[in-house]
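A short write-up of the structure that comes next.
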Amino acid sequence: MDKKIKVLVVDDSALVRGMLTEILNTSGDIEVVDTAKNGEEGVKKALSLKPDVITMDITMPIMGGFEAIERIMQEFPIPIIAVSGMEAKTIMKALDVGAMDFISVKQDVEDLGKELVEKIKVASKVKPLKRMKKYAINKGPQKKKSSATKVVVIGISTGGPQTLEFFLSKFPEDFPIGFVVAQHMTEGFIKGFAEWLGTKTALNVKVAEEGDIVAQGTILIAPDDSDMEIGEGGIITCVKGERDYGMSLIDTMMKSAAKEYGENTVGVIMTGMGRDGVEGMQEIKAAGGITIAQDEQSSAIFGMNAEAIKTGCIDVVVSLENIYQEIIKATQGKKRQKKKVLIIEDSPTVLEMMAAAFEGEGYDVTMAETGEEGLEKLKDHDLMIVDTILPGIDGFEVCRNVKKEKGLAKPKVLVVTGNIDAFDAKKARDAGADDYVVKTSDFEHLIEVAEKLL
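With this note's numbering as the guide, the letters of the sequence shown map in order to residues 184 to 637.
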């Protein structure tokens with residue numbers, strides 16, 4: 184007989200604890216090993232019993248569900264399903280602090296039981312992942328976005344909200360590519376999810392509607408009541424259809440993207456159960472697009488991505504930490520002749536993005552976060568790209584040091600500035616710069632200027 188899934192039920196209502204215990208114990212594959220009436224008791228029992236899955240109420244006395252989830256995930260990560268009759272923003276906060284999934288008790292008992300049993304079975308297979316570093320978001324007033332000539336389509340399911348937050352938070356608001364995401368989620372919560380994700384990234388985020396256009400610096404989330412297709416000119420159509428738990432089909436989205444954008448499509452398939460998205464990734468590959476899959480180690484569930492990898496349609500398998508770099512590489516154009524480039528930039532995120540863009544073009548890149556570090560690393564480079572504002576010695580002083588250095592093959596020098604109005608072009612030229620460019624996320628322009636110098 185197969186080993187049963189051990190579950191700890193945490194809820195302040197004796198009625199709910201009894202109901203959930205009965206539902207789970209009669210399912211055949213699940214055993215409720217204990218219950219707890221508040222978060223504090225739940226944390227203690229979680230650490231002593233080490234169950235496979237925990238169901239967690241949110242509003243409880245002594246210690247609420249948010250704090251309990253956070254403590255458990257810090258001390259001994261266990262898959263947690265938030266269970267409550269709550270609003271979307273509350274659910275998203277539960278996911279934010281570490282819950283793997285959620286379920287609303289505001290439904291028929293039979294439907295609740297069916298959904299809860301299914302989610303617990305999935306959760307028991309999940310690898311609780313460490314909390315990722317979060318990046319500060321600088322989001323200005325929303326501006327009208329231009330239509331995108333390239334599109335990144337992302338298919339994701341179990342573990343999706345936290346996964347998407349981690350790598351989408353790295354992109355700047357003026358990133359010149361459009362994103363379209365299909366996230367499997369219980370019907371009725373996708374709007375709250377989009378609003379929550381919008382607070383985690385500088386990109387614009389919205390639930391796609393009929394007539395929307397795939398736009399630069401914008402994430403369109405597939406609605407939970409219809410399949411989303413991308414038509415001519417990147418115009419969105421929403422097709423009503425049968426589905427389980429309001430899940431939009433990833434395949435539908437990806438196939439339409441491949442048809443419309445062809446080789447300008449980047450497909451990303453990530454953590455989640457099943458095979459949804461596999462056929463879509465195959466069509467993106469056949470259309471000349473680039474296909475990326477999240478690796479097993481960083482996936483909560485190695486399912487959809489594993490199935491896609493098995494077909495041989497995936498160009499690159501990469502960890503969650505490096506997916507955004509692969510997206511940058513994939514959207515920057517064709518490879519150029521290999522040259523050695525030194526990039527000096529004090530923002531780690533911008534530095535990594537610039538490096539990924541140049542590496543994607545075939546350049547050999549060296550990175551430095553200060554002027555002093557850059558001068559130490561400068562050796563036989565063909566090009567030096569340096570920010571004007573740096574800790575310690577600034578970009579102008581770096582240029583002067585390179586210019587006066589004896590016995591060193593002088594690289595071409597490209598200065599980047601974040602504020603063209605305050606930039607002194609004559610000062611840059613006098614310091615030894617060969618050219619300058621405004622710092623944006625349009626790396627194609629930056630690479631074009633660099634190419635001219637080389």
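Glycine residues also receive a C-beta, built at the ideal position from the N, C-alpha and C atoms.
Excluding the 5 residues flanking it on each side, GLY471 has same chain C-beta neighbours closer than 7 angstroms at GLY445, GLU446, in chain order. Between the beta-carbon of VAL364 and that of ILE419 there is about 12 angstroms, and that puts the pair past the 8 angstroms contact cut. The distance from the Cβ of ALA538 to that of ILE630 is about 12 angstroms, inconsistent with a contact at the 8 angstroms cut-off.
The three-state reading of DSSP puts VAL288 in coil, since its state is none of H, G, I, E or B. The beta carbons of ILE261 and ALA282 sit about 11 angstroms from each other, so the pair does not count as a contact at 8 angstroms. For VAL501 and ALA483, the gap between their C-alpha atoms comes out near 14 angstroms.
Secondary structure remark: continuous alpha helix (DSSP H) runs of at least 4 residues inside the segment 223–287, in chain order: 248–258, 271–280. One thing to note: SER439 has its Cβ no nearer than 7 angstroms to the Cβ of CYS421.
Annotation for MET487: no beta strand (DSSP E) segment contains it, though the alpha helix (DSSP H) segment containing it runs 487–494.
The Cβ atoms of TYR619 and VAL598 lie closer than 7 angstroms to each other. Annotation for ILE206: no beta strand (DSSP E) segment contains it, though the alpha helix (DSSP H) segment containing it runs 197–208.
Distances from the alpha-carbon of GLN345 to those of ASP478, ASP459, ASP279, GLY486 put ASP279 closest. With respect to the C-alpha of GLU634, the residue from GLU293, GLU270, VAL192, LYS595 having the closest C-alpha is LYS595. With a cutoff of 7 angstroms on beta-carbon distance, ASP570 and GLU552 are scored as not near each other.
Fewer than three Cβ pairs drawn from the segment 373–386 and the segment 301–310 lie within less than 8 angstroms of each other, which leaves the two stretches out of contact. If you draw a 10 Å sphere on the C-beta of GLN366, you find 16 or more other C-beta atoms in it, and that means buried. Spanning the alpha carbons of ASN221 and VAL390 requires a straight line of approximately 35 angstroms. With a cutoff of 7 angstroms on beta-carbon distance, GLN399 and ALA331 are scored as near each other. Per the coordinates, the alpha-carbon of PRO531 lies some 33 angstroms from the alpha-carbon of MET368.
In the structure shown, LYS333 falls within a coil segment according to DSSP collapsed to helix, strand and coil. If you draw a straight line from the Cα of ILE576 to the Cα of LYS521, it is about 29 angstroms long.
When C-beta atoms of the segment 479–499 are compared with those of the segment 448–461, three or more pairs fall below 8 angstroms, so the two segments count as touching. Scanning its chain for C-beta atoms nearer than 8 angstroms, with the 5 sequence neighbours on each side dropped, one finds around ARG200 the residues VAL192, ASP194, THR218, LYS220, in chain order. VAL266 is a Cβ neighbour of ASP240, given a cutoff of 7 angstroms. Between the beta-carbon of LYS353 and that of TYR507 there is about 5 angstroms, and that keeps the pair under the 8 angstroms contact cut. Considering only SER231, GLU293, THR242, HIS628, the residue with the shortest C-alpha distance to THR209 is GLU293.
Shortest Cα-Cα distance from LYS493 to any of GLN480, ASP284, GLN465 involves GLN465. Straight-line spacing of the CA atoms in ALA611 and ILE452 works out to 44 angstroms.
With respect to the C-alpha of ILE527, the residue from ILE497, HIS564, LYS468, ASP395 having the closest C-alpha is HIS564.
Within a 10 Å sphere around the beta-carbon of SER481 sit 16 or more other beta-carbons, which makes this residue buried. Closest option to GLU348, judged by alpha-carbon separation, among GLU580, LEU386, GLN290, ASP357: LEU386. Note on GLY557: 16 or more other CB atoms within 10 angstroms of its CB, so buried under the neighbour-count rule.
Runs of the alpha helix (DSSP H) lying entirely within the segment 414–461 and spanning at least 4 residues, in chain order: 433–444. DSSP places THR401 inside the beta strand (DSSP E), whose first and last residues are 401–404.
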